[in-house]
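Peer 1: Could you have a look at this structure, given as structure tokens, before my questions?
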Amino acid sequence: MSQEGVTYADLRFVRSPLEKKSPPRELGRRSWFAASALLGTCLLLLGTTVGLGVRYWQVSQQLQQASQDHTVESVVLAERIGTKERQLQEAKAQLRSTREALQDWEAAGSRMQEQLQKREKELSRARDNLDLLMKEKLQEQQKREESEQELNEMRRQLQEVQSRPQPNKWTLFGCKCLWISSEQKTWRESKEDCEKKESQLLTLRDPSDTERLWEILPSVEQTHHFWIGLQKRNYYWFWVDDSWASWTETPKQCTTDRDGNCAQMSRGTREGCHCSTRHRYICEKAAGAAQADHTFPWC
0 MSQEGVTYAD LRFVRSPLEK KSPPRELGRR SWFAASALLG TCLLLLGTTV
50 GLGVRYWQVS QQLQQASQDH TVESVVLAER IGTKERQLQE AKAQLRSTRE
100 ALQDWEAAGS RMQEQLQKRE KELSRARDNL DLLMKEKLQE QQKREESEQE
150 LNEMRRQLQE VQSRPQPNKW TLFGCKCLWI SSEQKTWRES KEDCEKKESQ
200 LLTLRDPSDT ERLWEILPSV EQTHHFWIGL QKRNYYWFWV DDSWASWTET
250 PKQCTTDRDG NCAQMSRGTR EGCHCSTRHR YICEKAAGAA QADHTFPWC
């Protein structure tokens, strides 16, 4: 064996000259201390090992629990992700459906807008036509009113002409029908002629009726005198129906005849003149009788 190959077995420790042999008691004590130290070291190592083992077991359990929790969370998260993806797909489908519906609504709205514009144009034309018709109606109404006014004026003129007493013709005057003679007779002859016509000489109890009748007479007739049915007997005036005439109905005397006993109508007043004087005369009868006679349809 070479010098470089010295092993532990070949070593020999040379005792120091100062080292002396220990007694047996000290050797035993040292051995006990060594054994105790070794035992303590072993126990320490054992405790450390046990502690490390327990800690490893705890960490392993924690890691296992964390792994299980992670697995569960992964599963839950995967389910949530799947649910969210399904919801997203459904939302996308609904969005597509909504977009399609919106496009349909937009198309329908565009069509409705076109129809609305078309209806507005038709309404505008209808309004124009209505305005034109209203103008035409207004013009027609104005023409009709003018025609009615003209017709009413013609009717009024016709009625005025018809209501004016005409000679030898029955004419309506209030509730009476009058007949004006064209020939002149005495008062008695006039009375008899009226009776032949189933009438009587005119009786005008209200002086205003005398004035009103005189106003509607044609102007050519206002130059004549007309006998009326009023006669004086025994200083009193009586109508042809034998009724007494009041003082307001009493005629004034003629300027040319102071003793006149028969009444005539002249210039809208009543005058008492001589009965033998010849004048034109006026007969009267009720309107119903004249209508029944068919001689004057308006009576």
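Residue numbers (numbering that gives the first Met the number 0): 0 to 298. All residues carry an ideal CB built from backbone N, CA and C; glycine is no exception.
#1: Rounded to whole angstroms, what's the CA-CA distance from HIS278 to TRP213? Just pull it up for me.
#2: If I'm right that GLU144 touches GLN199 with Cβ under 8 Å, what's the distance once you round it to whole angstroms?
#3: Between GLU248 and ARG204, which are expected to be in contact by the criterion C-beta below 8 Å, what is the C-beta distance as a whole number of angstroms?
#4: Note down the Cα distance separating GLN102 from GLY108, rounded to an integer number of angstroms.
#5: Evaluate GLY259 with the Cβ neighbour count: other Cβ atoms within 10 Å of its Cβ, from every protein chain shown; 16 or more gives buried, anything less gives exposed.
#6: Could you check how far apart the C-beta atoms of MET264 and ILE227 are, in whole angstroms? I think they sit under 8 Å.
#7: Could you work out which residue in HIS223, LYS175 and GLU78 is closest to ALA286 when comparing CA atoms only?
#8: Closer than 7 Å by C-beta to GLN116: which residues in its own chain qualify, once you throw out the five before and the five after it? Chain order, please.
#9: Tell me, please, which residues DSSP counts as bridged to GLY271.
#10: Assign LEU177 to one of three DSSP states: helix, strand, or coil.
#11: Is it true that the CB of CYS274 sits closer than 8 Å to the CB of ARG187?
#12: Per the DSSP calculation, ARG204 is bridged to which residue(s)?
#13: From ALA100 to LEU94, what does the alpha carbon distance come to, in whole angstroms?
#14: CB-CB under 6 Å to HIS223, same chain, minus the five flanking residues each way: which ones, in chain order?
#15: To the nearest angstrom, how far is the alpha carbon of VAL239 from that of CYS261?
#16: What residue range does the alpha helix (DSSP H) around GLU283 cover?
#17: By the DSSP assignment, the beta strand (DSSP E) with LYS195 in it spans what residues?
#18: If you draw a straight line from the alpha carbon of LYS231 to that of LYS184, how long is it in whole angstroms?
#19: Could you tell me the boundaries of the beta strand (DSSP E) in which THR170 lies?
#20: Using the C-alpha atoms, what's the distance from SER180 back to GLN165?
#21: With a 10 Å radius around its C-beta and 16 neighbouring C-beta atoms as the bar for buried, classify THR209 as buried or exposed.
Peer 2: On the basis of the coordinates in this document:
#1: If you take the alpha carbons of HIS278 and TRP213, they lie about 16 Å apart.
#2: Not confirmed; about 46 Å, so no contact.
#3: Indeed, because the Cβ distance is near 6 Å, the residues count as touching under 8 Å.
#4: Linking GLN102 to GLY108 through their CA atoms gives a straight-line distance of about 9 Å.
#5: With 16 or more other Cβ atoms inside 10 Å of its own Cβ, GLY259 counts as buried.
#6: About 5 Å separates the two Cβ atoms, so the contact holds.
#7: Relative to ALA286, the option among HIS223, LYS175 and GLU78 whose CA is nearest is LYS175.
#8: Excluding positions up to five away in sequence, the list is empty.
#9: Paired residues: GLN252 and ALA262.
#10: Note: LEU177 maps to strand in three-state DSSP.
#11: Cβ distance < 8 Å, so ARG187 and CYS274 count as in contact.
#12: The partner list for ARG204 (beta bridge, DSSP) is empty, contrary to what the question assumes.
#13: Distance between the alpha carbons of ALA100 and LEU94: 9 Å.
#14: Correct list, in chain order: ARG279.
#15: So the two alpha carbons sit approximately 11 Å from each other.
#16: No alpha helix (DSSP H) contains GLU283, which is instead part of the beta strand (DSSP E) from 279-285.
#17: Looking at the DSSP string, LYS195 is not in any beta strand (DSSP E); the run it does join, the alpha helix (DSSP H), is 186-195.
#18: When rounded, the distance between both Cα atoms is 18 Å.
#19: Annotation for THR170: the continuous beta strand (DSSP E) segment containing it runs 169-172.
#20: Its pLDDT being 49, under 50, GLN165 is placed unreliably by the model, and the measurement read from it follows with that caveat. Distance between the alpha carbons of GLN165 and SER180 is about 9 Å.
#21: With 16 or more other Cβ atoms within 10 Å, it is buried.
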